[in-house]
Amino acid sequence: MSVLAIVSLKNGQPTKGGLEAASYAAAYAKSLGTDAVALISGSIDGDGGLGATGVQRVLVHAGGITDSSQWAKLGAAAGLEIGADATVISHDHFGRAVGPRMAVRIGAGMVSGVTALPKSGLVRKNVFSGKAMADVAVKQAKAVYSVTPNAFGIASDGGVATTESFDAEVGAVREQVVSFHAASEDGQVPLPEADLVVSAGRGLKGPENWGIVEDLAQALGATTACSRPVSDIGWRPHHEHVGQTGITIRPNLYIAAGISGAIQHLAGVNQSKVIVVINTDPEAPFFKAADYGIVGDAFEVLPRLTAAVRALNS
Amino acid sequence: MKILVCVSQAPDTTSRIAFTEGGKVFESSGVQYIVNPYDEWYALVRGIELKESLGGSVTTVTVGSAACDPVIRKALAIGADDAVRLDVDPTDAMQVASLIAGYATDKGFDLILCGKETIDHNGSIVPAMVAEMMDWPFIALASKLEVNGRVASVQRESAGGTESVEVSLPLVLSAAKGMAEQRIPNMRGIMSARSKPLLVESGQAEPATEVQEFTLPPPKGACKIIPAEQAEELIRLLREEAKVI
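Note that the protein sequences, when read in sequence, are chains A and B. With the working numbering applied, the first sequence corresponds to residues 913 to 1226, in that order. With the working numbering applied, the second sequence corresponds to residues 23 to 267, in that order.
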């Protein structure tokens, strides 16, 4: 009995989602009085920071694979090798492909987007786009869990993990990554991973006015986002659209300026830890979902906030 | 190009979310059901576009009771050619995937398109399970799909950008924003949907998980309003009270 964390790499480093999966696996293993083992494919320096998350061993597959079917075979072989009853993976494009495939391969029950450790045979996840939670029981002996981004955090108080090479028969490549295009050139943290997000909507009146949004985001070290109407009319790129049909995010802080807070928008952001709403209309529905609100003009309020952040930082 | 699109029903986004029987059952009375938006806007419409440019057919598959028929007719009105409903009221992704894979096997499909997740259980599990059961390649969170002969060029959302991936057909993918634009069915589509074939098949598959209890999040505390002329105070509160910056 042990817990397996499946960790994807980007540029020779574990991804943020991979570190969260490892942290979750380590904490779960500790609660069971057993060990957690991470599995990577590719090469990393040392233990890649995985020991710090609390895992004891890192199995290193040299192949550097990305194909979801190959990963499922590799993960199943590693789970068998270490006797894992639980497998943990990120809830991003990688985990959404590899997690379910592995569950089928090993006959496990899968619970996706978990937000807390399993307790008394139940694990919690958000459902109805954050409007409710479900406690789910796995009816099989083995379980696969994918961890909601930003829900569990990354542990850093572990030690150093041992690394050992691991190989398995993984079959042919059918999914070939040919290129990568960065969404932004300015070094912003990608939206799904961002801790701080500054977002704006039609209240900004035009794309030429986004400077004040970007200034506040830059001062805070935050990532910019927008509402659906704004991306639909082309004021901002599609990848910035947060909401039901765009990206769902869960940052520590979500600042929304000039967004009324339609239910479709809330569905994408209501799991944020702290929500700040800035709107000229005191009746804007978004205030009901907010922790802090300013009834005022974004054109006046945002620059004052930016100045206050800069003053605090200097 | 023979395309299968997985279509699920989901409560309309504005539905009141409540549960009965000690939090075990979603209260569906008075709830308006819609085609799950990711299935409709992205998977179905892209499937229809590919059929229009390459020829072939679009079949939808739904796992559910006869209560799903209105959303299946909507998918037919948007432009699917025919529909299959696998007559099981599902409780789990493994069960749904087994039924869909069981239906799709040996039918000669080139593509199985799914929405990235449903807006009720937010699972995002069924598509990749279908792929594994059929031993087909799979791409999650695809925002673009072009097909050239037996090779699909797919873009997917990845940390910090988009990845371009080339995949051999047959292929399963889950579709996200960017894949296509919503289509509103016209009157001709709505009329013709009534006479398009909707085949009902029975099936059986076991769930691998079970929801024990749904709970509602604790009510949000009152919003603290800060006067606009003291906007700076917000930054202090975010640091000292909320401790998020």
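Don't be surprised by glycine CBs; every beta carbon is placed ideally from N, CA and C.
Nearest residue (CA-CA) to Leu193 of chain B, options B:Ser180, B:Glu168, B:Glu179:
Counting from 1 along the second sequence, the entry for residue 193 of chain B is found at position 171. For the residues B:Ser180, B:Glu168, B:Glu179, the minimum Cα distance to Leu193 of chain B belongs to B:Glu168.
Within its chain, find whatever has a CB closer than 8 angstroms to the CB of Glu1081 of chain A; leave out the 5 residues flanking it on each side and keep chain order.
The count along the first sequence starts at 1 and reaches residue 1081 of chain A at position 169. These residues qualify, in order along the chain: Lys985, Ala989.
Within the 8 angstroms Cβ cut-off, does Gly1158 of chain A reach chain B?
Here residue 1158 of chain A is taken as the residue at index 246 of the first sequence, counted from 1. Yes, Gly1158 of chain A lies at the interface with chain B (some Cβ there is under 8 angstroms from its Cβ).
Partners in chain A for Val233 of chain B, counting only beta-carbon separations shorter than 9 angstroms:
Residue 233 of chain B sits at position 211 when you count from the first residue of the second sequence. Neighbours of Val233 of chain B on chain A, chain order: Val1039, Ala1046, Asp1047, Val1048, Ala1049.
In chain order, which beta strand (DSSP E) runs of at least 3 residues are fully inside the region 1039 to 1087 of chain A?
1044 to 1050, 1055 to 1059, 1074 to 1077
Where Asn144 of chain B sits in the DSSP three-state scheme
Counting from one through the second sequence, the residue named residue 144 of chain B turns up at place 122. Three-state DSSP puts Asn144 of chain B in coil, outside helix and strand.
Who are the near neighbours of Asp1079 of chain A in its chain, counting only those whose CB is closer than 7 angstroms to its CB and skipping five residues on each side?
Against the first sequence, residue 1079 of chain A aligns to sequence position 167. In chain order, His973 place their CB closer than 7 angstroms to the CB of Asp1079 of chain A, counting only its own chain and leaving out the 5 sequence neighbours on each side.
Under 8 angstroms Cβ-Cβ, which residues of chain B neighbour Ser1172 of chain A?
Counted from its first residue, the first sequence places residue 1172 of chain A at position 260. Scanning chain B for C-beta atoms nearer than 8 angstroms to the C-beta of Ser1172 of chain A yields nothing, as the closest lies near 14 angstroms away.
Are the beta-carbon atoms belonging to Gly1208 of chain A and Thr1218 of chain A less than 8 angstroms from one another?
Mapped onto the first sequence, residue 1208 of chain A falls at position 296. Mapped onto the first sequence, residue 1218 of chain A falls at position 306. At the C-beta level, Gly1208 of chain A and Thr1218 of chain A stay beyond 8 angstroms of one another.
For chain A, is any of its Cβ atoms less than 8 angstroms away from the one on Ser186 of chain B?
For the purposes of this step, residue 186 of chain B is taken as residue 164 along the second sequence, with counting starting at 1. At least one CB atom of chain A sits nearer than 8 angstroms to the CB of Ser186 of chain B.
From the DSSP output, in three-state form, read off Ala1130 of chain A for me.
Residue 1130 of chain A sits at position 218 when you count from the first residue of the first sequence. According to the sequence shown, residue 1130 of chain A is Gln rather than Ala. DSSP places Gln1130 of chain A in helix when its eight states are reduced to three.
What is the rounded straight-line gap between the Cα of Tyr1057 of chain A and the Cα of Val1125 of chain A?
Against the first sequence, residue 1057 of chain A aligns to sequence position 145. Against the first sequence, residue 1125 of chain A aligns to sequence position 213. Approximately 37 angstroms between the Cα atoms of the pair.
Verify the CB distance criterion: does Asp128 of chain B have a CB-CB separation below 8 angstroms to chain A?
Residue 128 of chain B sits at position 106 when you count from the first residue of the second sequence. No, its Cβ sits nowhere closer than 8 angstroms to a Cβ of chain A.
Between the alpha carbons of Glu62 of chain B and Glu232 of chain B, how many angstroms are there, rounded?
In the second sequence, counting from the first residue as 1, residue 62 of chain B sits at position 40. In the second sequence, counting from the first residue as 1, residue 232 of chain B sits at position 210. Distance between the alpha carbons of Glu62 of chain B and Glu232 of chain B: 27 angstroms.
Any Cβ of chain B within less than 8 angstroms of the Cβ of Gly1021 of chain A?
As a position in the first sequence, residue 1021 of chain A is number 109, starting the count at 1. Closer than 8 angstroms to some Cβ of chain B, the Cβ of Gly1021 of chain A qualifies, so yes.
Within 8 angstroms of chain B by C-beta, residues of the region 1194 to 1206 of chain A in sequence order
Phe1199, Lys1200, Ala1201, Ala1202, Asp1203, Tyr1204, Gly1205, Ile1206
Please confirm whether His1150 of chain A has its beta-carbon closer than 8 angstroms to some beta-carbon of chain B.
Residue mapping note: residue 1150 of chain A aligns to position 238 of the first sequence, counting from 1. Yes, contact with chain B.
For Ser180 of chain B, count neighbouring Cβ atoms within 10 angstroms of its own Cβ and tell me buried if that reaches 16, exposed if not.
As a working mapping, residue 180 of chain B is identified with position 158 in the second sequence. With 16 or more other Cβ atoms within 10 Å, it is buried.
For Asn208 of chain B, does the three-state DSSP call read helix, strand or coil?
In the second sequence, the residue the question calls residue 208 of chain B occupies position 186. In the three-state scheme derived from DSSP, where H, G and I count as helix and E and B as strand, Asn208 of chain B is classed as coil.
Taking 8 angstroms as the CB-CB cut-off, is Asn51 of chain B touching chain A?
Residue 51 of chain B sits at position 29 when you count from the first residue of the second sequence. In the sequence as presented, Asn is not what sits at residue 51 of chain B; that position holds Ser. Not one chain A Cβ lies under 8 angstroms of Ser51 of chain B.
Where does Arg1140 of chain A sit, in a helix, a strand or coil, going by DSSP?
Along the first sequence, one-based indexing puts residue 1140 of chain A at 228. In the structure shown, Arg1140 of chain A falls within a helical segment according to DSSP collapsed to helix, strand and coil.
Flag Met201 of chain B as yes if its beta-carbon sits less than 8 angstroms from any beta-carbon of chain A, otherwise no.
Here residue 201 of chain B refers to the residue found at position 179 of the second sequence. So, not an interface residue.
If contacts are defined as beta-carbon pairs under 8 angstroms, then Ser1139 of chain A and Pro1163 of chain A qualify, I think. What distance do you get, rounded to the angstrom?
Taking the first sequence and counting its residues from 1, the one referred to as residue 1139 of chain A is at position 227. Taking the first sequence and counting its residues from 1, the one referred to as residue 1163 of chain A is at position 251. So it is not a contact: roughly 16 angstroms between Cβ atoms.
Going by the DSSP bridge assignment, what does Phe1092 of chain A pair with across the sheet?
Translated into positions along the first sequence, residue 1092 of chain A becomes position 180. Its beta-bridge partners are B:Glu185.
Which ranges would you report for the alpha helix (DSSP H) in the region 917 to 957 of chain A if only whole runs of at least 4 residues count?
928 to 944
Straight-line gap, Cys90 of chain B to Lys96 of chain B (C-alpha atoms, nearest Å):
The residue labelled residue 90 of chain B in the question sits at position 68 within the second sequence. The residue labelled residue 96 of chain B in the question sits at position 74 within the second sequence. Each residue's Cα considered, the two are about 10 angstroms apart.
Which runs of the alpha helix (DSSP H), 4 residues or longer, sit entirely within the region 131 to 176 of chain B?
148 to 156
Could you name the residues of the same chain whose beta carbon sits closer than 6 angstroms to that of Glu255 of chain B, not counting the 5 residues immediately before and after it, in chain order?
Along the second sequence, read from residue 1 onward, the residue named residue 255 of chain B stands at position 233. Taken in chain order, the residues that qualify are Ile248.
Listed by chain order, chain A residues near Ile147 of chain B by CB distance under 7 angstroms:
Here residue 147 of chain B refers to the residue found at position 125 when the second sequence is read from its first residue. Under the 7 angstroms cutoff, chain A gives Pro1012, Met1022, Ser1024.
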